[in-house]
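Count along the sequence shown starting at 1, add 6, and that's the number in this note's numbering.
Ideal Cβ placement from N, Cα and C applies to all residues, glycine included.
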Amino acid sequence: MRSLVGLILVVVAATFYLYSLSLYLPAAPRRRPPPTGGEHERAAEPEQPADSAEEPRRLKFPSDLDELRELAELLQFYKTEHTGYVLLLFCSAYLYKQSFAIPGSSFLNILAGAIFGPYQGLLLACVLTTVGSTMCYLLSQIFGKHYLVNLFPDKVSVLQRKVEENQDCLFFFLLFLRFFPMTPNWFLNMSAPIVNIPITFFFCSVFIGLLPYNFICVQTGVMLSEVSSLDDLISWDRLLQLLAIACMALLPGALIRRFSQRRLKLDVQSQNGIIADKKVQ
């Protein structure tokens, strides 16, 4: 009971912090007035106060591409003069989602590419994914072991058995699970401390194993911020970029799959998103 109360307190405190951070937006950067024909025309226009600000807009997690594009434009606008605030807000929101296993991190990866560009966005996505997953690991280790075993006894036991069977190449087994998610990432993050996966192996496997996925999402965000019409998408530069993304996604997975055929014990099939033993006919 104490662990449940402690977890609720952590969730409430993190939610209050993130809500407060998103609610108290700094002053919006001033938009430059559009050029006019001359001094006579400027004098004829009604004067507007220089410090007039737009109505405050509340931030929320995007649920579709339209909301994602709108949020990206808003944060790009704020980033011109409030880079530190935008970075803090983005990191806080990302860690909140990852730590409490809330779906939708792919939208934040795309948002990272749209706001911070391909290189900084990829670095942020990889670091935040790894740190957030590790925080989820620690929260499960401190508060959730008993509850997770009671909720998913069969799934935890199957994962425990597979971890024990692959102890001699545990790191590559974890990489395989990240490249080919027979077990959902949220479940693997929470169950890892229960099945005795060392935190160092867990940390490194998340960073490396989710790198292709993060790369694809970030590049999608970069293209989303740059493409304004179909003509921009159909070009040699864009096609080469898409080819590079495909190679980045397929090559590591192919290498891990080839290694797994020789060394890993993976006589499993996917059942409702969780690994389960194959039935021998």
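Where PHE158 sits in the DSSP three-state scheme | Correct three-state label for PHE158: coil.
Measuring CA to CA, which of CYS175, THR86 and LYS66 is closest to LEU77?
-> Per the Cα distances, LYS66.
Can you grab the Cα-Cα spacing for the pair LYS151 / PRO109, in whole Å?
-> When rounded, the separation of the alpha-carbon atoms in LYS151 and PRO109 is 21 Å.
Just tell me which of TYR23, LEU134 and TYR91 has its CA closest to the CA of VAL224.
-> For VAL224, the nearest C-alpha among the options comes from LEU134.
Could you check the C-alpha separation between SER211 and ARG184 for me, to the nearest Å?
-> SER211 and ARG184 have their C-alpha atoms some 8 Å from each other.
Classification of LEU10 by the beta-carbon crowding that lies within 10 angstroms, buried from 16 upward | LEU10 should be labelled exposed.
Cα-Cα separation between ASP160 and GLN166, rounded to whole angstroms = Their Cα atoms are separated by approximately 10 Å.
Using only alpha-carbon positions, find the residue among TRP192, LEU180 and PHE96 that is nearest to ILE116.
-> Comparing Cα positions, the closest option is PHE96.
Which residue's Cα is closest to the Cα of PRO32: SER139, VAL92, VAL137 and MET196?
-> Considering only SER139, VAL92, VAL137 and MET196, the residue with the shortest C-alpha distance to PRO32 is VAL92.
Pair within 9 Å by beta-carbon distance, SER112 and TYR100 = Their beta carbons are not under 9 Å apart, which means SER112 does not touch TYR100 by this criterion.
Does any residue of chain D bring its CB to less than 9 Å from the CB of GLU232?
-> In the structure shown, chain D cannot be found, because there is only a single protein chain.
For the alpha helix (DSSP H) that contains SER98, what are its first and last residues?
-> Counting along the chain, SER98 sits inside the alpha helix (DSSP H) bounded by residues 89-105.
Supposed close pair VAL155, VAL162 - CB separation, criterion 8 Å = Correct: roughly 6 Å between the Cβ atoms.
Can you check whether the CB of GLY119 is closer than 9 Å to the CB of THR226?
-> THR226 places its beta carbon less than 9 Å from that of GLY119.
THR136 and PHE209 closer than 9 Å at C-beta = Taking 9 Å as the Cβ cut-off, THR136 and PHE209 qualify as a contacting pair.
According to DSSP, is PRO218 helix, strand or coil?
-> When DSSP states are grouped into helix, strand and coil, PRO218 belongs to the helix group.
Based on Cα-Cα distance, which residue from GLY12, TYR143 and TYR102 lies nearest to ALA27?
-> Looking at the sequence shown, residue 27 is not Ala but Leu. Minimum Cα distance to LEU27 is reached at TYR102.
Residue environment, ASN202, which counts as buried when at least 16 other CB atoms sit within 10 Å | Taking all protein chains shown into account, ASN202 has fewer than 16 neighbouring C-beta atoms within 10 Å of its C-beta and is therefore exposed.
Beta-carbon contacts of PHE213 that lie in its chain and below 7 Å, excluding the five residues immediately before and after = Correct list, in chain order: CYS132 and THR136.
Backbone CA spacing between LEU80 and THR86 [nearest angstrom] = Taking the straight line from one Cα to the other gives about 11 Å.
Would ALA107 be called buried (16 or more neighbouring beta carbons within 10 Å of its own) or exposed?
-> The residue in question, ALA107, is buried, as its Cβ has 16 or more Cβ neighbours within 10 Å.
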